[in-house]
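Asks: Take a look at the following structure, please.
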Amino acid sequence: MPNSNGFVRPDKIKNAISYPQNRAENQSKTGGKSRKMQHSGEASSRAIDSSSLPTALSHTHPRPDSPYIRGRFKPSRSLTTHQVKLICNGAQHAQTIGLPLNRFITIDWELAGVTDPWVAQSAFLRLVRDWLRQRQGVAATYVWVVENGPVLGLHSHTAIHVPPALVRKFSDLQRGWLRKAGVKQWINGIICSSPISHNYWAGFDNGTGTDAYRHNLDRLMSYILKAANREARNMHNIAHTQYSFVAGKRSGTSRNIGEQAITDWYANGRAHRT
């Protein structure tokens, strides 16, 4: 049920502490029900209840035998201080340039059965990027992390800016983008997509609920950065903790909110003209 602010926690996050031996066991515990993709028309009643996210998760190293952590890349256990800094700075800069991160997307690549989750994640974001540029003429703006969790296996979290006028169409296209990215067979629960705050306008300076948006964004960053190392957790006040082995790149941002873009923004004095 929604809380006093109208937020509802996602089912995936609600079950994140459990450690089933396999997906079948997990579904048997939940009556075999899978999470369904949320439609943008119901966004205001299905937003993330960030205040209800768990403040501490397991310190275990889930799924060390996953095929996704083997290969040519040496698995890493946590996000570095620099990686966490890039994500936090990028999320803040997105609001500065008028493209606030307002949608939270979780994709369960292991459930989707893709052979290379990193290629699929890149392909999905490329499709989103091309559509936003062609349809709206805006730059895709997002931050993402990859985790290897005890429930979802290898999955990604992405916080992205979606122009409010395009939310419904964006929701309708997500499934097709996933298929083009390598998902061969659709299974309910592959994707969970929700507004970060109570509506998609909340992150704009001229919108309603800006303070609530910033609070929810901070809480969401704390959640998706739960694999941060101890130094980064202390520096950025990250309450959640859950390490996992991941081979390859663990996080990233779109170019327009990356380290170089932020440096150029202030070097060119644009911050003083906005």
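Residue numbers for the sequence shown follow numbering that gives the first Met the number 0, beginning at 0 and rising by one.
A virtual CB, placed ideally from N, CA and C, is assigned to each residue, including glycine.
These figures come from a predicted structure and were not determined experimentally.
(1) Rounded to whole angstroms, how far is the Cβ of Val83 from the Cβ of Ala231, which I believe are closer than 8 Å?
(2) How big is the Cα-Cα spacing for Thr140 and Ala122?
(3) Going straight from the alpha carbon of Ser243 to that of Trp176, what length do you get?
(4) Check the Cβ-Cβ distances between Ile104 and every residue of chain C, and say whether any is below 8 Å.
(5) Under 8 Å by Cβ, that's how I've got Leu100 and His160 pegged, so tell me the actual separation to the nearest angstrom.
(6) On the premise that Leu110 lies in contact with Ile189, defined as a C-beta separation below 8 Å, what is that separation, rounded to the nearest angstrom?
(7) Quick check on Ala158: does DSSP put it in helix, strand or coil?
(8) State yes or no: is the C-beta of Pro162 within less than 8 Å of the C-beta of Gln135?
(9) Are the region 248-256 and the region 85-96 touching, with three or more C-beta to C-beta distances below 8 Å?
(10) Over what stretch of residues does the beta strand (DSSP E) that includes Tyr141 continue unbroken?
(11) To the nearest angstrom, report how far apart Ile86 and Lys179 are at their CA atoms.
(12) Please return the same chain residues whose Cβ sits closer than 8 Å to the Cβ of Ile261, not counting the five positions on each side in sequence.
(13) With distances taken from CA atoms, which of Trp143, Gly251, Arg167, Gly247 is nearest Ile104?
(14) Please report the distance separating the alpha-carbon of Ile106 from that of His154.
Replies: From the atom records:
(1) By a beta-carbon distance limit of 8 Å, Val83 contacts Ala231. Their separation comes to about 4 Å.
(2) Annotation: Thr140 to Ala122 spans about 15 Å, alpha carbon to alpha carbon.
(3) Between Ser243 and Trp176, the C-alpha separation is close to 27 Å.
(4) Annotation note: the requested chain C is absent from the structure, which comprises a single protein chain.
(5) The beta carbons of Leu100 and His160 sit about 6 Å from each other, so the pair counts as a contact at 8 Å.
(6) The Cβ separation is near 6 Å, so the contact holds.
(7) It is a strand residue.
(8) Against a cut-off of 8 Å, the Cβ pair of Gln135 and Pro162 comes out as a contact.
(9) Cβ pair count under 8 Å is three or more, so yes.
(10) Where Tyr141 is concerned, the enclosing beta strand (DSSP E) stretches over 141-148.
(11) Straight-line Cα distance between these residues: approximately 27 Å.
(12) Cβ within range, chain order: Asn88, Gly89, His92.
(13) By alpha-carbon distance to Ile104, the top candidate from Trp143, Gly251, Arg167, Gly247 is Trp143.
(14) Approximately 6 Å between the Cα atoms of the pair.
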